[in-house]
Structures are given as structure tokens and as C-alpha cells.
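Okay, so here's the structure we're looking at.
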Amino acid sequence: MSDSAPDDGGSTGESWTEPMSASFTETTHTSFWQRALGALFGILIGLVLIPASGWLLFWNEGRAVQTARSLTEGGGAVVSAPADRVDPALEGRLVYVSAPLTASSTLKDPEFGVAAPNAIRLVRRVEMYQWRERQHSETRTRVGGGQETVTTYSYSREWSSSAIDSNRFRQIEGHRNPPMNLSSREFVATNARLGPYVVSEEHIQGFGNPQRLAPDPSALTDRPRQQVIDGQVFVGDPAAPQVGDLRITFSLVPSGPASLIAQQAGEGFAPYQTHAGDRLFLLRPGTLPPEAMIQAAEQFNQILTWILRAAGLVVMFLGFMLIFGPLSVFASVIPPLGALVGFAAGLAALLLTALFGPLVIAVAWFAYRPLVGGLVLALGLAITFGVARLLKRRASAKAALPRTGGAATAS
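Numbering (this note's numbering), first residue to last: 3 to 413.
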């Protein structure tokens with residue numbers, strides 16, 4: 003069953019006169035047996051997610067330890083290389099170089115004619131004015147276990163650097179996005195040098211913090227409806243943009259000081275293979291001592307480790323929730339009971355995640371660092387024991403409360 007009420011509509015074409023937003027609601031009904039079948043299928047997904055999360059947690063700990071050991075090894079092996087000449091005696095060694103990173107040629111965007119002399123990178127960011135769909139759902143469980151879901155679909159127009167596929171919209175008519183025929187692009191210097199050394203294109207992609215570049219309007223390639231305002235190129239009317247209009251921003255990374263830790267290979271550099279397993283290649287803007295570069299890499303490794311740990315634990319929790327899903331579905335024949343069972347299932351999934359997550363991490367650390375692994379395992383067991391003990395105390399306290407009601411006793 004579907005009830006829709008669009009606020010307003012639009013037509014396709016470059017001369018569209020479309021509303022700034024539109025919305026409609028849709029009501030769908032899911033029977034108890036449909037929910038039960040979905041919950042049973044969810045068990046299979048949960049049985050896949052739990053071992054997958056365990057693998058992710060185990061792999062992440064091994065990756066973190068390997069990277070930490072590689073950085074420690076690199077910090078002890080790195081030697082300073084002269085910034086004014088290539089020393090053949092350092093061939094194959096892990097070297098540290100701090101010198102100006104320069105490019106002698108001019109980077110140019112052939113589609114717009116924007117040029118950046120002596121730049122390391124030239125970045126073109128393209129945005130298109132497009133429709134975007136958002137949805138918000140509210141679900142109510144009915145007596146008997148069925149569900150009613152009311153979904154509100156809202157549509158608004160905004161600038162986006164990636165193409166939004168309007169064919170996936172719930173309501174396509176009046177909200178069609180044209181193809182995005184122009185994309186963002188990066189141009190990299192092919193003759194960059196760090197002092198006397200050659201730095202290849204692959205190693206400077208993504209390097210540095212781009213600075214805004216205001217293009218010269220007279221040098222731009224002529225395009226219909228093109229204009230430059232506040233350093234941005236618009237293909238369309240920036241005051242009243244229509245779906246399909248483009249906004250292009252240019253930025254560059256200029257020549258300047260840079261610091262590098264890598265293996266010296268001829269007149270250039272290559273990743274340094276450590277005994278621990280990682281390949282080191284660190285290139286950072288500015289004049290930084292090698293100790294600071296190693297420390298920054300170690301901090302990034304720690305942040306990445308915690309992000310992947312959190313992701314693994316969330317996946318594990320979802321896996322347990324899917325396994326317990328049928329319990330709340332069957333109990334939802336009586337909606338309040340279903341909510342209570344669902345809460346209990348979530349609590350059980352949380353407890354199991356708190357137990358097995360640290361257990362997997364501890365096993366991984368036992369394989370790499372036994373002492374720390376023991377501490378992690380003890381912490382996980384302590385948390386699980388503490389939560390279980392707290393729940394038991396609360397249950398005992400509720401059971402000890404005096405019961406009210408019943409027949410009065412005559413004296």
C-alpha cells in the first residue's frame with residue numbers, strides 16, 4: 003500500500019524550472035511471516051558476519067604490530083643524506099632528505115586552459131547541481147507481529163562532487179539528474195625533484211595541502227554559459243543554479259620544502275623493505291626531522307588500529323543481533339513483549355561482543371606480543387564479569403521487593 007503526495011514537480015531539460023524541494027510519504031506493511039522469514043535469513047548473515055569480524059580484528063592486530071615494528075626498525079636504520087648531491091655510498095640505504103621539492107615545467111588543465119607554473123600538483127574539483135533523495139522511516143509493530151512503516155522521501159537540490167544516480171530514487175519523475183560529463187581530476191608534475199633527487203609521479207600523488215588557485219578568465223577555454231566569480235568557474239548561473247549546472251574549483255600544491263624517508267635508488271627513491279614486513283616511503287611537506295616523521299606515522303598507525311577495531315566490534319555486534327533477531331520477531335506478536343525481548347537480545351549481543359571481541363584481540367596479541375595479549379584478555383573478562391554481576395544484583399534486588407496487592411488479612 004502506498005500513499006504519496008508530492009509537494010511539487012518539475013520537468014527535464016536545461017531550461018528546467020524545478021522546485022527547491024519536494025517530499026512524499028509511503029506506507030508499507032510487512033506481515034509477521036515475512037518478518038519471521040527475514041529474521042531466519044538474518045541468522046545466516048550473522049553466521050557470516052561474526053567470523054568475518056573475528057578475522058578483521060585478528061588481521062588488524064597483526065597489521066598494527068607489523069607496522070609498529072617496521073617504523074621502529076626504520077627509525078633505527080635511517081641515515082641523513084646530503085641535500086645538495088647524490089651520494090652513491092648510500093645506494094640501497096634508508097635515507098632521510100630534507101630539501102626544496104620543485105618542478106620545472108608548467109601543469110595545465112587542457113579542458114579549461116588553467117595553468118600552474120612550477121607547481122607539484124594541480125587539482126580540478128568539479129561539482130554539479132543535482133537532486134538528492136533523503137528518507138526517514140518510522141516503524142510501528144502491530145498486534146500479531148506485523149509491522150507498518152511510514153517512510154518520508156524528501157528531495158532537495160545541492161552541489162555534489164560525485165554523480166547522484168536519480169534512477170535509484172523512489173520518485174524519479176521531476177527529480178532526474180543529467181549525466182555528469184565533466185569529472186574532477188589531478189595533474190601531477192612529471193619532473194619533480196627533491197634537491198638533486200628525482201621524485202616519481204606515483205610518489206607525489208596526494209602530496210601536500212592544495213591552495214586555492216583563482217584562474218585568469220582571459221586564459222580560460224571558452225564554453226557556453228561560462229563565467230568566473232570569486233575564483234570559481236561556473237557553467238550556468240551561480241545566482242540561480244539549475245540542475246546540471248557545474249561549479250569548478252582549482253587548487254595547487256606549489257613548490258616548497260619537503261622531507262622524505264625512503265630507500266635511495268640511483269638518483270631517485272623507492273619504498274624501503276623492512277625485515278618486519280612493511281615497505282617505508284614517507285614524504286611530507288615542510289622541514290621535519292626524521293624523528294617527527296616516524297612519530298607522526300606511528301600516531302597514524304594507532305588511529306587506524308582503533309578505527310578498524312571499532313569497525314570489527316560493530317560488525318560482530320550486528321552479527322549477534324541478527325542471530326538473536328527471530329526471538330524478538332516471534333515475541334512481537336504482543337508488541338510490548340517484543341520490545342522487551344529485543345532489548346534483552348541487544349544486551350546479550352553486547353555482552354557477547356564484549357567477551358569475544360577482546361578475546362580475538364587477545365589471541366592475536368598472544369601471537370605477536372604475549373604480555374600485552376594477557377592484559378587485553380584480562381580486561382575483557384573483567385568487563386564481562388562486572389556487567390554480568392551488575393545484572394545479577396539488579397535481578398536479585400527486584401526479586402527481593404515486597405509484592406503488593408492480593409487479599410487483606412482480617413484481625
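Note that beta-carbon positions come from the ideal geometry of N, C-alpha and C, so glycine has one too.
| query | result |
| --- | --- |
| What alpha helix (DSSP H) runs, 4 residues minimum, are completely inside the stretch 203 to 256? | 203 to 206 |
| For residue 290, collect the residues of the same chain with a Cβ closer than 6 Å to its Cβ; drop the 5 residues on either side in sequence, then sort them by chain order. | 261 |
| From what residue to what residue does the beta strand (DSSP E) around residue 109 run? | 108 to 111 |
| Anyone know if the C-beta pair for residue 122 and residue 255 falls short of 7 Å? | yes |
| Mark residue 163 as exposed unless 16 or more other C-beta atoms lie within 10 angstroms of its C-beta, in which case mark it buried. | exposed |
| Pull up the distance between the alpha-carbon of residue 143 and that of residue 345, whole angstroms please. | 15 Å |
| Pull up the DSSP beta-bridge partners for residue 263, would you. | 98, 284 |
| Under 8 Å, with one C-beta from each stretch per pair, do the stretch 40 to 60 and the stretch 316 to 335 reach the 3-pair mark? | yes |
| Could you check the C-alpha separation between residue 232 and residue 105 for me, to the nearest Å? | 28 Å |
| Could you pull the DSSP bridge partners for residue 270 from this structure? | 267 |
| For residue 166, name the three-state secondary structure that DSSP assigns. | coil |
| Spatial neighbours of residue 14 within its chain, please: CB distance less than 7 Å, with the 5 preceding and 5 following residues excluded, ordered by chain position. | Confidence at residue 14 is low in this model, with a pLDDT of 34, below 50, so its placement is unreliable and no value can be given for it. |
| Consult DSSP for residue 36 and reduce its assignment to one of helix, strand or coil. | helix |
| Comparing the CB of residue 357 with every heavy atom of the ligand ATP, is any distance shorter than 6 Å? | As for the ligand ATP, it is missing from this structure, which has no ligand bound. |
| State the Cα-Cα distance for the pair residue 282 and residue 34, rounded to the nearest angstrom. | 56 Å |
| Would residue 135 and residue 161 qualify as a contact pair, given that the criterion is a beta-carbon distance under 7 Å? | no |
| Could you pull out every residue in the same chain whose Cβ sits closer than 6 Å to the Cβ of residue 153, ignoring the five residues on either side in sequence? | 28, 137, 139 |
| For residue 189, write down the residues that DSSP places opposite it in a beta bridge. | 124 |
| Spell out the partners DSSP gives residue 161 in its beta bridges. | 131 |
| Might you give, ordered along the chain, the residues of its own chain that have their beta carbon closer than 6 Å to the beta carbon of residue 101, omitting 5 neighbours on each side? | 85, 196, 197 |
| So residue 116 is in the beta strand (DSSP E); what residue range does that whole segment cover? | 116 to 119 |
| Using the Cα positions of residue 185 and residue 36, report the straight-line distance between them to the nearest angstrom. | 43 Å |
| Taking the continuous alpha helix (DSSP H) assigned at residue 359, which residues delimit it? | 337 to 370 |
| Could you say if the stretch 305 to 313 and the stretch 264 to 278 meet the contact criterion of at least three C-beta pairs nearer than 8 Å? | no |
| Who are the near neighbours of residue 381 in its chain, counting only those whose CB is closer than 7 Å to its CB and skipping five residues on each side? | 360 |
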